[in-house]
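To keep things clear, I will list the structure first and then write my remarks on it.
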Amino acid sequence: MKSATIIVGGKRSVWHILLMLLLCVIVTLTVSCNRQPEPIRIGAIISLTGSGGYLSDLRDAMLMAVEEINGNGGMNGHPIELFIEDSKSDPEEGKKAMAQLEAQHHPVLYLSTLSPVSMALAPMAERMEVPLIGLVTSAQDFTTDKKWVFRYYPMASDEVTPVISILDKQGSKRLGIFYQSGPYGQSVTQLLSAACKAQAGWSVTEQHFTEDDFNIQDKIAKLGEVDGLYVVGQVNFISKVIKQVRQAGFNRQIITSSGGAWPGFLTMAEFEGIRLAAPLLYNKNYPYAQNLRDKYTARFNRPLDHQSAVGYDILFLLRGLLQNVPVSRANIKKVLEQGYHFPSAMGDILVPRGSHEINFHLYPARIKNGAIIFGD
């Protein structure tokens, strides 16, 4: 009876089958159209508390970039998912955060901040074979002998060149250095001291600071006779030292590392007249930087600093490099090593093929009447 039924209703059964197939195709196409592209997962281990707590502004700049990129088609057609963890400015906490992100989300890329934390994460990135880009990380040997570790920030050696230019112009031959203990302060001090001592008749006296050793009067006394003082460390360290040095009556030339360009310092009386190494982000004649500063200030009601700007920049750099490239850990490493020109908020950056350094130049500058003046 079943065979007879099929034969009798054969023509009708064929149409039913065709109709069902058509419905299946329509449903499949509808589901495919509604399916969201796989997100690009990025892990960001940022110093939100502790000595680097000021980098919460960098987090906000990164989130602003993610919103803009996702609102304009994403990265290579894929939305970005940014997973942010607080390193608490502590290397061990940073390592825990990276292990947790790897287990839970397996990002295709990691971003990190501060030299001590980034230095601790570098061996983990090498073992996991995942790209790690250090932001606000200047320790000289951060990328040395690394296959998966990159940097978007000036190296310690980049801090030295503008300082030598300032000292030469001011005729300062006896330099005192106050530096914060740690990879960054030690790297810059070592390179600057060597560069100064290579100049005929120049001398250098160094004093390092730890959290438990902050006796300014004692440190100044140990400097002896100097023409000027160079202060290098994180933003909070620079602020603390400059205020206490001024209170102690130190009246000779003061120079700071690039952290002295932090916008919050510009209105402090203690920073008036201080010379420093600064990126082009603060140059009023650089239109791209001005547009970004205006956009950031309108969004967050505070000025943009260069530490935060690198958080914004790096995501747009990755978006450009990954255009029409399948996103994977290996491909991100490949495009970062291919050599490219990057018009950044810090000026034009030319990265040679094979380099792991996306470093921008710093220039001699001076804080004057609440502004950073270049070439003064």
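In our numbering, each residue carries its 1-based index in the sequence shown increased by 656. Ideal placement from N, C-alpha and C gives every residue a C-beta, glycine not left out.
Taking the C-alpha atoms as reference points, what is the distance between residue i and residue j?
i       : j       : result
Asn907  : Gly889  : 21 angstroms
Ile833  : Asn892  : 17 angstroms
Ile702  : Ile740  : 7 angstroms
Ala700  : Gln796  : 22 angstroms
Leu971  : Phe865  : 35 angstroms
Trp804  : Arg985  : 9 angstroms
Leu711  : Leu704  : 6 angstroms
Lys875  : Arg955  : 42 angstroms
Gln756  : Pro1008 : 34 angstroms
Ile911  : Phe921  : 13 angstroms
Asn939  : Val983  : 35 angstroms
Thr686  : Ser914  : Any reading at Thr686 must be qualified, since the residue scores a pLDDT of 43, below 50, and its modelled position is unreliable; the value itself is stated next. If I take the Cα positions, the gap works out to 54 angstroms.
Ile1029 : Thr923  : 14 angstroms
Asp883  : Asn957  : 39 angstroms
Leu831  : Ala854  : 13 angstroms
Gln979  : Ser843  : 36 angstroms
Val722  : Phe1016 : 22 angstroms
Met1002 : Ala945  : 7 angstroms
Glu1070 : Ala856  : Nothing about residue 1070 can be read from this structure; the chain reaches only from 657 to 1032.
Glu758  : Lys989  : 17 angstroms
Asp950  : Leu960  : 8 angstroms
Ser707  : Asn941  : 33 angstroms
Across which residues does DSSP place residue i in a beta bridge pair?
i       : result
Ile894  : Per DSSP, none; premise fails for Ile894.
Pro1020 : Ala933
Ser798  : Correcting the residue identity first, residue 798 is Phe in this sequence and not Ser. Answer by DSSP bridge pairing: none, since Phe798 is not bridged.
Phe1030 : Ala1021
Tyr886  : Ile833, Ile911
Ser859  : Arg830
Asp1007 : Reading the sequence as shown, one finds Val at residue 1007 and not Asp. Tyr996.
Ser768  : Ile701, Gly790
Arg807  : Gly790, Glu1013
Ile696  : Ile736
Identify whether residue i lies in helix, strand or coil by the three-state DSSP scheme.
i      : result
Ser688 : Model confidence at Ser688 stands at a pLDDT of 40, short of 50, so the residue's coordinates are unreliable; what they give is reported in the following sentence. Of the three classes helix, strand and coil, the one that applies to Ser688 here is helix, per DSSP.
Pro763 : coil
Pro735 : coil
Gly708 : helix
Leu791 : strand
Val681 : With a pLDDT of 48 at Val681, under the threshold of 50, the modelled position of this residue cannot be trusted; read the value that follows with caution. Three-state DSSP puts Val681 in a helix.
Ala869 : For the sequence presented, residue 869 should be read as Asp rather than Ala. Asp869: strand per DSSP, three-state reduction.
Phe906 : coil
Arg949 : helix
Glu749 : helix
Glu926 : helix
Glu741 : strand
Could you round the C-beta distance between residue i and residue j to whole angstroms and report it? I think they count as a contact, below 8 angstroms.
i      : j      : result
Pro943 : His962 : Their Cβ separation, rounded to whole angstroms, is 17 angstroms, which puts Pro943 and His962 out of contact at 8 angstroms.
Arg697 : Val764 : 6 angstroms
Thr861 : Leu848 : Contact flag wrong, Cβ pair sits at about 12 angstroms.
Ala753 : Ser743 : 6 angstroms
Ser768 : Gly750 : 7 angstroms
Phe806 : Thr800 : Between Thr800 and Phe806 the Cβ distance is about 12 angstroms, and since that is not below 8 angstroms, they are no contact.
Val819 : Tyr886 : 6 angstroms
With hydrogens ignored, establish whether the beta-carbon of residue i is closer than 7 angstroms to any heavy atom of the ligand SAH.
i      : result
Ser984 : Among the components of this structure there are no ligands whatsoever, and the ligand SAH is therefore not found.
At least three beta-carbon pairs within less than 8 angstroms, the stretch 780–792 to the stretch 810–817: no
- prompt: For the stretch 923–941 against the stretch 950–966, are there 3 or more C-beta pairs whose distance is under 8 angstroms?
  reply: yes
Meets three-Cβ-pair contact criterion under 8 angstroms: the stretch 978–996 and the stretch 1007–1021: yes
message: With three or more C-beta pairs closer than 8 angstroms as the rule, is the stretch 777–785 touching the stretch 730–738?
response: no
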